[in-house]
Structures are given as C-alpha cells and as structure tokens.
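In what follows, a structure is listed as structure tokens, so that the remarks can point back to it.
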Amino acid sequence: MKNCIICNEDGKYKCPTCLIYYCSVTCCKKHRENKCDVVKKEEPMLQPVPQSSEIRYPTVDTVPLEKLKLLQRDKTLKQILENPHLRDLLQTIDKAENADVEMQKAMLEPLFVEFADACLNVVEPKSDDET
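Every letter in the sequence shown is one number past the one before it in full-length UniProt numbering, and letter 31, counting from 1, is 31.
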C-alpha cells in the first residue's frame, strides 16, 4: 500500500511526472503547487548480447544465444519445419512490412501454433511442476 505524499492516507493515484502517490484531487492540486521533478523510470535489466550476434535491440524478452542454438538440434522442430506451408508462412512473416499483423494471422494456423510451442519448449522447457 502506498501513502499519499500530502495527507498520508491511502494513495490511489500516481503523479505521472514524479511518480509519487496521492489520494484525491485536492491533494493532487496541493502537490502540483510545488514543482515536481521528472523521475526517470528504471529500465529493466537487459541481458548482455555477444557482439557476434545479429540481435541489434535486445530486451528483457530476448532469448540468449545459447538457448537459440538449441533450436538447431531439436528433432521435433526439424520435423515440423519439413512442412512447406509452415516454411512459406515463416518467409511471409520475415518479409512483411508489418510483421505483427502477419504473426497474428499465423497464430490462427494450428501448424504455426505447433511450431511456436515447439520453439518455446526448447528455449523455456516446462518444469515438472508446470506439467
């Protein structure tokens, strides 16, 4: 629970500028009478990416190169990739100007979902607790 910076009651709202909590319009107005400083939100930690990698813009969701290399050896994934329709889908997504839209369309295809699941099973295997 966060407390209001003005009256110390339950702070339900957050100032978009300095990120402090306040509880009401009245407290917000009092807070804004004093200039507040912009607080830079902490960026999530990015995983270091080796220089030789082709990943130009790593994020917290970036899969480490070691795990990506595991995809090369997965037999299930190789079997799924033998399907020419799946390979066409992947090429369409790769060449698309708006890959997000193409990806959404592809996710409606059971074959693509099977491929995506197989990839996830390799890079993020389910633990015994999740099965």
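Using N, Cα and C, we set each Cβ at its ideal position, and we do this for glycine too.
In this structure, the alpha-carbon of ASN83 lies about 14 Å from that of LYS75.
Counting along the chain, the unbroken alpha helix (DSSP H) around GLU102 starts and ends at 99-106.
In this chain, the alpha helix (DSSP H) harbouring LEU111 covers 110-123. Contact check between the segment 62-75 and the segment 97-110: fewer than three CB pairs, one atom from each, fall below 8 Å, which does not count as touching. Inter-residue distance for GLU33 and TYR21 is about 15 Å (C-alpha atoms, whole angstroms). When LEU81, GLU66, ASN3 are compared, the shortest CA-CA separation from PHE115 is found for LEU81. Of all alpha-carbon atoms in LYS126, HIS85, GLY11, LEU120, the one lying nearest the alpha-carbon of VAL63 is that of LEU120. Bridge partners of TYR21 according to DSSP: LYS14.
Taking all protein chains shown into account, LEU89 has 16 or more neighbouring C-beta atoms within 10 Å of its C-beta and is therefore buried. For PRO64, there is no enclosing alpha helix (DSSP H), as DSSP marks it with neither H nor E. Annotation for GLN91: the continuous alpha helix (DSSP H) segment containing it runs 84-95.
The Cβ-Cβ distance between CYS36 and CYS15 falls below 9 Å.
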